[in-house]
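For reference, each letter of the sequence shown is one residue, going 25 to 611 in the working numbering.
By construction, the Cβ of each residue, glycine as well, lies at the ideal position given by its N, Cα and C atoms.
For reference, the structure is listed below as structure tokens.
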Amino acid sequence: MQLKASLLEKAARQALRIVCYLRVSDPDSAVEGDSIPAQRNYMQRIVDQWREAGVPIESVDFYEEMGKSGKNLKRPEFLRMEQRIRKGAVDVVLAFKIDRLSRNTDDFRGIERLLEEHGVELLPINDMYDPSNAQGWFMSHMTIGQAEYERRVIGERTRLAMEYRAKQGMWNGGFLFGYRKDEKTERLVIHPEEAEIIRKDIYDTFERQGSVGKVLEHLQNHGILYPNKRSSSGGEPDEFVSFQKQRIRRILENEVYLGHIIWGNSKPKGRKSAKVVRTENVHEPIIAKEQFVRVQRQLNQNRKKRTNTRYARGRQSPLKGLIRCACGCHMVAKGGTGRNETHHYYGCTRRNHEGKDSCNSPAFRADALETAVINRLKRISTTPEARQRIAQEALRHLGDDAQRIERDLGLVRQRLGTVQAEINNLTKAIARMGADAAELVEEELVQRKQERDQLRGQAAELEREKAPRDVVEERAKRFVEQWSDIGQLLDDATLEEQRIILQHLVEVLELKMVDHERKRGTYVLKLFPEVGRLVQEGHASAGRADESEKTKEAGLPRGKTGSVLTEKGLVRQFGQKAPRLGFEPRT
25 MQLKASLLEK AARQALRIVC YLRVSDPDSA VEGDSIPAQR NYMQRIVDQW
75 REAGVPIESV DFYEEMGKSG KNLKRPEFLR MEQRIRKGAV DVVLAFKIDR
125 LSRNTDDFRG IERLLEEHGV ELLPINDMYD PSNAQGWFMS HMTIGQAEYE
175 RRVIGERTRL AMEYRAKQGM WNGGFLFGYR KDEKTERLVI HPEEAEIIRK
225 DIYDTFERQG SVGKVLEHLQ NHGILYPNKR SSSGGEPDEF VSFQKQRIRR
275 ILENEVYLGH IIWGNSKPKG RKSAKVVRTE NVHEPIIAKE QFVRVQRQLN
325 QNRKKRTNTR YARGRQSPLK GLIRCACGCH MVAKGGTGRN ETHHYYGCTR
375 RNHEGKDSCN SPAFRADALE TAVINRLKRI STTPEARQRI AQEALRHLGD
425 DAQRIERDLG LVRQRLGTVQ AEINNLTKAI ARMGADAAEL VEEELVQRKQ
475 ERDQLRGQAA ELEREKAPRD VVEERAKRFV EQWSDIGQLL DDATLEEQRI
525 ILQHLVEVLE LKMVDHERKR GTYVLKLFPE VGRLVQEGHA SAGRADESEK
575 TKEAGLPRGK TGSVLTEKGL VRQFGQKAPR LGFEPRT
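In structure tokens, the structure reads:
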């Protein structure tokens, strides 16, 4: 495969950075030539040919998707590759076929725009046309249109087959608590022990106690667990887990326990309606219809009475998406009515879903916590000494990062030298021993070349990570000067505007209860305008926003509280996290 003249000119100025995208929808049905190893070997040979022809190549990285459909772009490796393209760190995208990137015409047009904006060339190996010219553009869109047509045809056939099975009373789903699928008839048969739990411990308890939360408490008190990770036909479960409120509610609302089969989604995404197949009385019921009707009536009454989400709606929550409970779960806004007014809180999602025994953190008054955090940020903005310490601490961490990068870069270069020496020795061995020996060492030679390309990519990434200290010092200076306006900005903002501002200033706020009787705890605030683990610690009260004099005088911590924070990558992912802004906060 020959490179275009424009790419050769680009390579003469700067060595090419190549990414190879590999995808297989169904690993079991992939033909030998389309398998992931086959695609990888084919692409590696092409890259090797370019190198032998003297094309400068800086790095080659592979992004492999096993068992991922091309109907949309929600694929982990594709998203990783997209992020790298947006950073300007890619020159060429190699694909086995053009439909490996997408089988949706709208998505493919978006990919084309992305590549064009960042000056990236797309090279589909087995599609013999150039998407950058008019004829190639037409052929590429014809290919993607054909691929989308095939995908839709397969989807329609699958849907018709599933509808037919549902009409015949067969089970299309996976594991269903209380039933097992008969392998011969493919209909549901009762699992006696689980059916008894559904009747007595879930439905009967719900009718006696009147709430899903009480059912959860009953199951926890009696040590009843849910069998997780098992097939629809049975077998021993891999593990047992606690019931959750959502799972209990689904059991209480599922008409399958009446002996019916319901297949299809009445409210599918992106469409107004869809066909729902309903086949009644096709397997033995677990619950009587009269009891099921009573339970649905009680569930509807509970929804009308529920206040947590109803009173949380209509109020903007400035700390939305930022708070982490000490147990590691998110804390979300909730509400309730007092004697004369509506109160708003932040509560742990684990406690909401799994019951009060799963987490002992109480709900925190929203206004108290929001006031404490905003006042802390305002004090930083009005205290030059505090801002100076933030900048100095960040620069100290930058020095630590620079040492780490140099150490890692040295190790990568050392290994790269070893691998290159092994490649040279294998090449000399082939030259001495002739073609017969090539088969013996070819596979090892390919592996060494792949490792070399990966090491080159790692080295290039580490080089890009190294930032000049004077640039960072300039950012630190701007941070010290410009943060003085943050206090006034927060004072003048509405709750919604405060939420937007805080999303750009705060990465995570972690709460920890220290006094359960007085409902007081500490919070650790991690800011975006930092390089490293700089945090701000204060006291938060579940009922008041005051802080002790000791805390006010403590100022900024000396870095020891950073270890309690969740890793940055686990907080918010896939573009939901506010962008890192260096030292310069923006809104």
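Cα-Cα separation between residue i and residue j, rounded to whole angstroms
i	j	result
residue 125	residue 161	15 Å
residue 393	residue 532	14 Å
residue 349	residue 199	32 Å
residue 308	residue 89	42 Å
residue 29	residue 77	14 Å
residue 315	residue 272	16 Å
residue 8	residue 247	This structure leaves residue 8 out entirely; the chain is present only between 25 and 611.
residue 36	residue 123	30 Å
residue 278	residue 219	13 Å
residue 358	residue 366	11 Å
residue 451	residue 130	46 Å
residue 84	residue 139	17 Å
residue 520	residue 432	43 Å
residue 237	residue 215	25 Å
residue 440	residue 474	11 Å
residue 385	residue 517	30 Å
residue 522	residue 549	16 Å
residue 396	residue 274	39 Å
residue 49	residue 434	39 Å
residue 372	residue 172	43 Å
residue 413	residue 404	10 Å
residue 539	residue 409	31 Å
Contact check, residue i vs residue j, beta carbons under 8 Å
i	j	result
residue 383	residue 374	yes
residue 381	residue 244	yes
residue 480	residue 82	yes
residue 207	residue 195	no
residue 285	residue 193	yes
residue 40	residue 64	no
residue 127	residue 95	yes
residue 202	residue 250	no
residue 116	residue 147	yes
residue 102	residue 149	no
residue 99	residue 43	no
DSSP beta-bridge partners of residue i
i	result
residue 119	45 and 148
residue 194	According to DSSP, which records beta bridges pairwise, residue 194 is partnered with nothing at all.
residue 252	263
residue 434	Answer by DSSP bridge pairing: none, since residue 434 is not bridged.
residue 319	DSSP lists no partner for residue 319.
Pick from the options that is closest to residue i, judged by C-alpha positions
i	options	result
residue 300	190, 487 and 47	190
residue 312	276, 470 and 43	276
residue 317	385, 377, 238 and 227	227
residue 235	485, 406 and 328	328
residue 230	197, 239 and 222	239
residue 437	467, 408, 466 and 477	477
residue 241	320, 347, 266 and 113	266
residue 512	472, 399 and 541	399
residue 428	486, 288 and 340	486
residue 283	261, 270 and 310	310
Assigned secondary structure, residue i (DSSP; H/G/I helix, E/B strand, else coil)
i	result
residue 282	helix
residue 311	coil
residue 171	helix
residue 93	coil
residue 511	helix
residue 199	coil
residue 34	helix
residue 210	coil
residue 235	coil
residue 166	helix
residue 397	helix
Residue i Cβ short of 7 Å to the ligand MN heavy atom set
i	result
residue 348	Ligands in the displayed structure: none, and consequently the ligand MN is not present.
Residue-chain proximity (residue i, chain B), Cβ-Cβ < 8 Å
i	result
residue 194	Chain labels in this structure do not include chain B; a single protein chain is all it has.
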